[in-house]
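Participant:
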Amino acid sequence: MNTVSGSIVTCAHSIRSLISARLPLQTRPLQASVWRVLATGVLVGSLAMPSFAASLISERDYLDYQLPKPLQDKCAKRDNCPTIEVQYLQSNHAWINDIVNARIDALVVNSKPSESGARVVKTPDDVKEALDEFVASQFAEVPADSVFVYSLMVTPEYLGHVNDFELFEINSYVFTGGAHGMPYSEYLIFDQQTKKPIQLADMLQPNKKSRFKALAYSAYKEWVKTVDEEAASYEKSWPFTLSDNVTLTDQGIDIRYQHYSIGPYAYGMPVLSIPYSQLQGVIKPQFLPARLSNK
Numbered sequence: 056m057n058t059v060s061g062s063i064v065t066c067a068h069s070i071r072s073l074i075s076a077r078l079p080l081q082t083r084p085l086q087a088s089v090w091r092v093l094a095t096g097v098l099v100g101s102l103a104m105p106s107f108a109a110s111l112i113s114e115r116d117y118l119d120y121q122l123p124k125p126l127q128d129k130c131a132k133r134d135n136c137p138t139i140e141v142q143y144l145q146s147n148h149a150w151i152n153d154i155v156n157a158r159i160d161a162l163v164v165n166s167k168p169s170e171s172g173a174r175v176v177k178t179p180d181d182v183k184e185a186l187d188e189f190v191a192s193q194f195a196e197v198p199a200d201s202v203f204v205y206s207l208m209v210t211p212e213y214l215g216h217v218n219d220f221e222l223f224e225i226n227s228y229v230f231t232g233g234a235h236g237m238p239y240s241e242y243l244i245f246d247q248q249t250k251k252p253i254q255l256a257d258m259l260q261p262n263k264k265s266r267f268k269a270l271a272y273s274a275y276k277e278w279v280k281t282v283d284e285e286a287a288s289y290e291k292s293w294p295f296t297l298s299d300n301v302t303l304t305d306q307g308i309d310i311r312y313q314h315y316s317i318g319p320y321a322y323g324m325p326v327l328s329i330p331y332s333q334l335q336g337v338i339k340p341q342f343l344p345a346r347l348s349n350k
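Note that the sequence shown covers residues 56 to 350 in our numbering.
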């Protein structure tokens, strides 16, 4: 921990400790948490690498957030403050940053369920207000002598690229009491040619959604065999649904499911994988490896 102009500032690796400390004044680190990727990693494999992909540099920086003085005083008095870790993407592609960071803001402001529905972020003050409410809610809902503290974490991760597509993932974790916290994972795909995000519907050939769903269902049945010996009874309790939370890999398409979507919490967030060899004629050629798209 470092002292700057009388304020307490965390280093990049210790943001959690600040909120839990007796002087939780500011959550901006002295340095960003940085990882630089030259896009020559695992995902490239035998896929074609566009020239602009090699130039993507991905960094992360922490949210600049300061607790209101009354909440600081409560943190110091009770010594059981919530832990908050919110990171933003700082790549050298501003348009990608804007989309990823808007999703991060949305996850922050909707970290606690609301009877009025999802909240829309209009200004940076909305994020600060949501964090203030998150911290205040622990003091209102949890006994002062409780060992449990609320937790909120949101962070982006660069996964690499496939062809013209840059791949990211946003991970979050929220704990507000109960038996366990709630992790969440969301894939994001960006087309460097069109400068637009890509959804599953954009990847599919016309009238091929039912075929893709059938392939995903087959992958689901194979996954069920790894977690339950009675596949038929399992499917009655946890029936298959098609998630549009997808990403590209060097092998095919991965479909991510959230907790409780197709299995109990203990089974985590399952990933169903469909190989490219099964996706010919199902997804558009630009999403296939060059070795297959030319066939």
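Positions of the beta carbon are idealized from the N, C-alpha and C atoms, including for glycine.
Curious, which full-length alpha helix (DSSP H) runs of at least 4 residues does the region 159-226 contain?
Facilitator: Listed in chain order, they are 179-196.
Participant: With DSSP as the reference, identify every bridge partner of V141, one or two as the case may be.
Facilitator: DSSP lists V209 as partners of V141.
Participant: Check whether the region 194-204 touches the region 263-274, taking contact to mean three or more Cβ pairs, one atom from each stretch, closer than 8 Å.
Facilitator: Because the criterion of three Cβ pairs below 8 Å is not met, the region 194-204 and the region 263-274 do not touch.
Participant: Apart from the five residues just before and just after P168, which ones in its own chain have a Cβ nearer than 7 Å to its Cβ?
Facilitator: None.
Participant: Quick one, are the C-beta atoms of Y242 and V301 less than 8 Å apart?
Facilitator: Closer than 8 Å, so yes.
Participant: Indicate whether D116 and Q142 have their beta-carbon atoms separated by less than 8 Å.
Facilitator: Going by C-beta atoms, D116 is nearer than 8 Å to Q142.
Participant: Under 8 Å by Cβ, that's how I've got I310 and L327 pegged, so tell me the actual separation to the nearest angstrom.
Facilitator: That belief holds up - the Cβ atoms of I310 and L327 are roughly 4 Å apart, short of 8 Å.
Participant: Taking a contact to mean a Cβ-Cβ separation below 8 Å, would you say V217 touches L111 in this structure?
Facilitator: No, these two residues do not count as a Cβ contact at 8 Å.
Participant: In the DSSP output, which residue or residues are listed as bridge partners for P330?
Facilitator: DSSP lists G307 as partners of P330.
Participant: What separation, rounded to the nearest whole angstrom, lies between the Cα atoms of S240 and T296?
Facilitator: Answer to the nearest angstrom: the Cα atoms are 17 Å apart.
Participant: According to the neighbour-count rule (16 or more other Cβ atoms, all chains shown, within 10 Å of its Cβ), is I338 buried or exposed?
Facilitator: I338 comes out buried.
Participant: CA-CA distance, S281 and L207?
Facilitator: Note on residue identity: the sequence assigns Thr, not Ser, to residue 281. Spanning the two alpha carbons is a distance of roughly 31 Å.
Participant: From what residue to what residue does the beta strand (DSSP E) around S22 run?
Facilitator: With the chain covering 56 to 350 only, the question about residue 22 has no answer from this structure.
Participant: If we ignore side chains and look at the alpha-carbon of each, how far apart do A103 and Y272 end up?
Facilitator: Per-residue confidence for A103 stands at a pLDDT of 46, beneath the threshold of 50, marking its modelled position as unreliable; no derived number is given.
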